[in-house]
Structure formats: structure tokens, C-alpha cells
Amino acid sequence: MKFGIDRLLEDRRLRAPLAGQRIALLAHPASVTADLTHSLDALACLPDLKVSAAFGPQHGLRGDKQDNMIESPDFVDPVHGIPVFSLYGEVRRPTEAMMDTFDVLLVDLQDLGCRIYTFITTLRYVLEAAARHRKAVWILDRPNPAGRPVEGLALRPGWESFVGAGPMPMRHGLTMGEMARWFVATFKLDVDCQVIAMEGWNPEAAPGYGWPLGERTWINPSPNAPNLWMTRCYAGTVMLEGTTLSEGRGTTRPLELFGAPDLDARRLIETMYSLAPAWLEGCRLRACWFEPTFHKHAGKLCAGLQIHVEDPSYSHERFRSWRLQALAFKALRRLQPDYPLWRNFPYEYELDRLAIDVINGSPLLREWVDDAGAEPEDLEKLARLDENAWLADRLEFLLY
């Protein structure tokens, strides 16, 4: 199969409209061609293109920033001599001066298929800026490694944030090109937006179910996205960022496991199965121990659970990471009603709201967890309504 960047590089006819234009690239470390050349280097080598600037999203063009709210500076690329602007530094929306450096912006970002992953918010922001400044945006499309399934509560009005770009569920099932089409239509953007589609992407194909496993090398799009298995878990395990539980940062399997020094992992698993066994299908849960080298509970032995989605027991259609993680919170509340679960700290520049609510796009998940009388079927009803509405809403924007 071919990604958007590979098609643009191979087909001079595709890029003919770019001749004579100043080209900028929005990219990160996973923005590579089939032979692992970074897209910036590959584009700069083309004699018919003039690359005038580059942009980096959260974690930077080079992916050097580990955690949330660690900003990247602007700099001049030492090889190509062009300005590299940070969209996760002093600003998160491109400034007028930044927009003046190009005519067409190429967006080549590997996403994870989750609303909270900030690259889609950055995509919305650059589309809005392009509409205001009459610039064109081309999306060089890449796979959604989490595939087509949809899961989670939709973001409620008034809960938009840098981790909540619009009213979609946590796991949206779109590629970046499809998401761009949805943004343009939903927010009525008057912008020249084109998608250089992939060739041969089949999100239903095993064993990758979204990622062309065996055909393309996985490159971390952010420091704690080390493999395909993490992307499958992420729509659920990202909620751990709003809790006192470790999400495995500081280990070699971040966002595939979770725990804390004062957790009884075996009782937690037993309680989860007693509450909603259907929410745990498609994967294996394993009680484990781990010691983070940094971040939450650094240097402390944690009891926890690892979510295994890498073996033959994995079922892409039945595995529901958001429900699994929500169930873990609910089970912990049943076992220890007073457990200090919710972490109160500034999260992605939201200072007055609990992080767990910002992550979920409303307080509904937290309220369900904390309500002693609420049962799994109560959350199921809410989520199903949102998921079915999104499945219908996204249909016209699918390209594959």
C-alpha cells in the first residue's frame, strides 16, 4: 500500500499544482516515507517544489518532549535553513507571521485515532487559520492504526479544549484526511482543502486492523506511542492521565498497563469481571508488577494490570478499551469507595476543570464512576446513543 506522502513523491502530476508555490510541512518524527526518509527531507529534495517552512505539533517536529504541557521552541532547521514553527509552544494556533511564510500547507501527521490525541486539534486549528488567510491545505493521508471501530461518549458543547476538537466520541475511526473533511463541513470552513488519499488501505484486514502490519515500520508519533498495541488500548488508557493511577509512563509499555502501589490487582480484575464481563472481551488481562522510572509513582513498585491485545485472543471488533478502563475505575470505587482516584492538576491548559472531565469532554464518565447506584448498563446506554449518532454522521466523509 502507499501513504499520501509516497503518492505525492512518486507522481509528478499530483504535485503539479504546487509548482511555483511556497510549501510548508506540518510533521513529526513518524512523518516518514516507505523507505523511512523523513518527509521534510524527501520533499526538500524535489527540484519542482520550494519548501519554505515547517511546523511541529505537540512533542515537536523531532518528538523530543516526553510529557504533556512541555513546550517546544521555534528554531531554524540546520539542514534546510528554513524556519520551524512550534504549534505547541508560545502558541497553539499559527500566527499571522507564520501563515505568511507559505502558500500551501502539507499536513503529514500519523494519528492514533483518538479524540484526545492533540494532532487532530492542531489540524482543526490550521484549517481555520488557512480559511482566514486564504491558504490551501493538503492532507497527506495515513492509516488510522486503531481502525474503524467507534467507542466512547461524545464531547458535550462547552467542553472543547486542546484535547477535544469537536463533538466526536473518544475513538472516532477516521483518518486525518477524513477528519479534515469532517472539520471543513462541520465548522463550515471556506478553505481549499485537498486530501492525497492512500492506495490499498484496508482497515478490516488482519492482523493490523488499521495498520499495515508487516508492510510498514511503526515510528513513534509521540514518545509514549511505541507500538501498535498501545494504539489499540489508548482510547481507554488515556483516561488514566486524569487519575492518580500510573498509566505506565516511565516503563517500556506505557498506556498498555496501569496500577499503583496500593492496588490489589487480582481483586480488581475479579470485580471487573463480576460487574461487566462483556466489556472485557477481545483481549486478555494480566495482573502484573512494574516500577516507573519517572512520572507518577516513580521508583515505587506498583501492582497493576496489563491489557494484552497482541496475541491470537485479540478480537478487533469485540475489544473496547474505553469501556474496559471505565470499568476498572468503577471496580476500584466498589472495592475502595474513598480511593483518591481523580487527579487535580492543570491539564492541557485547562486550569479550572478536573482532568478526567476534560479528557472525556464532560463530567458524565466521572459522575457514573462515583455514583454508587450507577451500573454498567447506565453508561452503556449513554455511550451507545453517542456511538450510533457518530457512525451515521461520519459516513459521508469516509474515503476508504
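In this text, residue positions in the sequence shown follow this note's numbering: the first is -7, and each later residue adds one. Backbone N, C-alpha and C fix where the C-beta goes; we use that ideal spot for every residue, glycine too.
C-beta contact flag for residue i and residue j at 8 Å
| i | j | result |
| --- | --- | --- |
| Ala52 | Ser44 | In the sequence under discussion, the amino acid at residue 52 is Gly, which differs from the Ala named in the question. No, Cβ-Cβ distance for Gly52 and Ser44 is not below 8 Å. |
| Ile299 | Cys225 | yes |
| Glu283 | Gly291 | yes |
| Ala128 | Asp92 | no |
| Ile188 | Arg(-1) | yes |
| Thr229 | Gln317 | yes |
| His289 | Ser238 | yes |
| Leu119 | Phe67 | no |
| Ser394 | Cys280 | Residue 394 is absent from the structure shown; the chain starts at -7 and stops at 392. |
| Gly144 | Ala227 | yes |
| Glu191 | Lys373 | no |
| Leu390 | Leu319 | no |
| Arg278 | Leu297 | yes |
Start and end residues, alpha helix (DSSP H) containing residue i
| i | result |
| --- | --- |
| His125 | 111 to 125 |
| Trp221 | 220 to 229 |
| Gln50 | Premise fails: Gln50 is in no alpha helix (DSSP H) and is neither H nor E. |
| Val76 | Run containing Val76: none in the alpha helix (DSSP H); it sits in the beta strand (DSSP E), 75 to 78. |
| Gly169 | 168 to 178 |
| Ile348 | 347 to 352 |
| Ile211 | Segment: none, Ile211 is in no alpha helix (DSSP H) and carries neither H nor E. |
| Ala22 | No alpha helix (DSSP H) holds Ala22; DSSP gives it neither H nor E. |
| Val361 | 356 to 362 |
Nonlocal neighbours in the same chain, by C-beta distance under 7 Å from residue i, ignoring five residues either side
| i | result |
| --- | --- |
| Met160 | Arg107, Ala146, Leu147, Trp382 |
| Arg259 | Leu327 |
| Phe154 | Arg84, Thr110, Thr113, Glu340, Tyr341 |
| Leu332 | As written in the sequence, residue 332 is Pro, which differs from the Leu given in the question. Here the set comprises Thr236. |
| His409 | Residue 409 is absent from the structure shown; the chain starts at -7 and stops at 392. |
| Met90 | Phe77 |
Nearest candidate by alpha-carbon position, reference residue i, set the options
| i | options | result |
| --- | --- | --- |
| Asp330 | Gly150, Thr236, Glu262, Leu101 | Thr236 |
| Gly234 | Arg14, Phe250, Gly200, Gly73 | Phe250 |
| Gly73 | Glu82, Thr87, Lys42, Val230 | Lys42 |
| Phe179 | Arg14, Pro195, Ala157 | Ala157 |
| Asp363 | Leu324, Arg241, Glu388 | Leu324 |
| Ala34 | Arg310, Leu387, Gln186, Leu1 | Leu1 |
| Ala198 | Ala177, Met190, Pro218, Arg140 | Arg140 |
| Gly206 | Gly240, Ala26, Leu10 | Ala26 |
| Pro70 | Leu32, Met264, Pro246, Glu273 | Leu32 |
Residue span of the beta strand (DSSP E) that contains residue i, given as start and end
| i | result |
| --- | --- |
| Ile108 | No beta strand (DSSP E) contains Ile108, which DSSP labels as neither H nor E. |
| Ile(-3) | Ile(-3) -> not in any beta strand (DSSP E); alpha helix (DSSP H) instead, spanning -4 to 2. |
| Lys373 | Careful: Lys373 lies outside any beta strand (DSSP E), inside the alpha helix (DSSP H) at 368 to 386. |
| Phe154 | Careful: Phe154 lies outside any beta strand (DSSP E) and carries neither H nor E. |
Cβ-based neighbour list, residue i, same chain, cut-off 6 Å, excluding 5 preceding and 5 following
| i | result |
| --- | --- |
| Ser214 | His51 |
| Thr223 | Leu104, Pro137, Ala138 |
| Tyr392 | Trp193 |
| Gln397 | An answer regarding residue 397 cannot be provided, because it is not within the stretch -7 to 392 covered by the chain. |
| Trp203 | Pro135, Pro137, Leu220 |
| Met231 | Gln317, Ile351 |
| Ala122 | Val129, Val183 |
| Val361 | Phe321, Lys322, Arg325 |
Contact test: residue i Cβ vs the ligand SAH heavy atom, cutoff 7 Å
| i | result |
| --- | --- |
| Ala16 | Within the structure as shown, the ligand SAH is missing, as the structure has no ligands at all. |
Nonlocal neighbours in the same chain, by C-beta distance under 8 Å from residue i, ignoring five residues either side
| i | result |
| --- | --- |
| Gln186 | Ala128, Val129, Trp130, Ile131 |
Kindly confirm or deny that the segment 167 to 176 and the segment 246 to 262 touch, where touching means at least three C-beta pairs closer than 8 Å.
Result no; under three Cβ-Cβ pairs closer than 8 Å.
Spell out a yes or no on whether the segment 149 to 166 and the segment 95 to 114 are touching, meaning 3 or more CB-CB pairs, one atom from each, closer than 8 Å.
Verdict: yes, contact present.
Could you tell me whether the segment 15 to 22 touches the segment 96 to 103, using the rule of 3 or more Cβ pairs below 8 Å?
Because the criterion of three Cβ pairs below 8 Å is met, the segment 15 to 22 and the segment 96 to 103 touch.
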